[in-house]
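>
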Amino acid sequence: MRKTLSILLSVVLVFSVMAGAEASFAKKAPAISAKVLHMKKGQSHKIKMTNAKKVKWSTSSKKIATVKKGKVTAKKAGTATITAKVGKKKYKCTVTVSNGKKKAVVIYFSATGNTKKAAVKVKKATGADIVRIVPKKAYSKADLTYEKTCRANDEQNKNSKPAIATVIKNLKQYKVVYLGYPIWWGKEPGTIRTFMTKYSLKGKTVMPFCTSGGSGIDGSIPFIKKNAKGATIGEGMDLTDATTAEIKEWIK
Ligand SMILES: Cc1cc2nc3c(=O)[nH]c(=O)nc-3n(C[C@H](O)[C@H](O)[C@H](O)COP(=O)(O)O)c2cc1C
Numbered sequence: 000m001r002k003t004l005s006i007l008l009s010v011v012l013v014f015s016v017m018a019g020a021e022a023s024f025a026k027k028a029p030a031i032s033a034k035v036l037h038m039k040k041g042q043s044h045k046i047k048m049t050n051a052k053k054v055k056w057s058t059s060s061k062k063i064a065t066v067k068k069g070k071v072t073a074k075k076a077g078t079a080t081i082t083a084k085v086g087k088k089k090y091k092c093t094v095t096v097s098n099g100k101k102k103a104v105v106i107y108f109s110a111t112g113n114t115k116k117a118a119v120k121v122k123k124a125t126g127a128d129i130v131r132i133v134p135k136k137a138y139s140k141a142d143l144t145y146e147k148t149c150r151a152n153d154e155q156n157k158n159s160k161p162a163i164a165t166v167i168k169n170l171k172q173y174k175v176v177y178l179g180y181p182i183w184w185g186k187e188p189g190t191i192r193t194f195m196t197k198y199s200l201k202g203k204t205v206m207p208f209c210t211s212g213g214s215g216i217d218g219s220i221p222f223i224k225k226n227a228k229g230a231t232i233g234e235g236m237d238l239t240d241a242t243t244a245e246i247k248e249w250i251k
């Protein structure tokens, strides 16, 4: 009986060691450092692929942006897609090249599309450029439930700053930033906290706007005020279902 038990224990031990080894050898998935890249004509930015040895880079338009070993160079105003091919899988980054003339930009995060709609309305009403903040790891439906354990809830509880895959090289050209986001548990979502920590808005006028289920924008303003150091903060506005006329009234 004792012998059988010790054999059994040894087998369990060998299997658990093997499983552990397999887990530590498990390959990490390749990832691209930028999925959205905004640049001014003449600027360059190096996109990195992690956990990938052989990467084949290509661009959808050499006239707009070229790419060499991940280094993207902006040639002319317009939009191009940079593709990093690893094996059979493709990783894409949308590059927007500005002519450097516009002085206002709409920068927004939207998980389920409502804030995107509002952001496009603001862009149309102001003639500004538009930039979408995308998270490195997209939010799934399960991440956005109101369950205690869901990712969004966890990030709000911890005030965490999830990694973003938007790179804005030409932020300097803008004097006015319309900053849009959904309200999550009464305040700004984590991607906005990340953005505000990574980018300085000093010397600019920041116009915060949100969409919400009814809470409104007030709960997010202290964070924006505290983190937009040296910026002038305009009146924050909940633009859920706002008409173009209401938006025009707000930006006056
Ligand atoms: C995780 C989570 C938390 C939310 N918390 C609030 C809230 O506290 N107050 C509120 O009015 N709406 C809340 N909402 C609703 C969103 O603010 C609203 O649907 C918003 O328009 C979503 O914007 P989006 O489609 O651009 O992501 C929450 C939504 C999610 C997914």
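Sequential numbering of the sequence shown, starting at 0, is according to numbering that gives the first Met the number 0.
A virtual CB, placed ideally from N, CA and C, is assigned to each residue, including glycine.
Please report the distance separating the alpha-carbon of Gly215 from that of Lys201.
One C-alpha to the other measures close to 25 angstroms.
> Less than 7 angstroms between the beta carbons of Lys40 and Val130, yes or no?
No, these two residues do not count as a Cβ contact at 7 angstroms.
> Give me, in chain order, the residues of the same chain whose beta-carbon lies closer than 8 angstroms to that of Lys136; leave out the 5 immediate sequence neighbours on both sides.
For Lys136, where only same-chain residues beyond five positions count, the Cβ hits under 8 angstroms are Pro161, Ala162.
> To the nearest whole angstrom, what separates the beta carbons of Ala127 and Val105, a pair I think is in contact under 8 angstroms?
The Cβ separation is near 5 angstroms, so the contact holds.
> Roughly how many whole angstroms lie between the Cα atoms of Glu154 and Gly189?
Going from the Cα of Glu154 to the Cα of Gly189 covers about 6 angstroms.
> Assuming Ala51 contacts Val94 (C-beta within less than 8 angstroms), just tell me the rounded distance between them.
That pair is no contact at about 19 angstroms.
> Below 6 angstroms, is the gap between the Cβ of Trp249 and the nearest heavy atom of ligand 1?
No; taking the cut-off as 6 angstroms, the Cβ of Trp249 has no heavy atom of ligand 1 nearer than that.
> Put Gly218 into one of helix, strand or coil per three-state DSSP.
Helix at Gly218.
> Report all residues for which the CB-ligand distance to some heavy atom of ligand 1 is below 5 angstroms; order them along the chain.
Going along the chain, the residues that qualify are Ser109, Ala110, Thr111, Gly112, Asn113, Thr114, Leu143, Ala151, Pro181, Ile182, Trp183, Trp184, Gly185, Thr210, Ser211, Gly212, Gly213, Ser214.
> Return yes when the Cβ of Ile232 is within less than 7 angstroms of the Cβ of Val121, no when it is not.
Not closer than 7 angstroms, so no.
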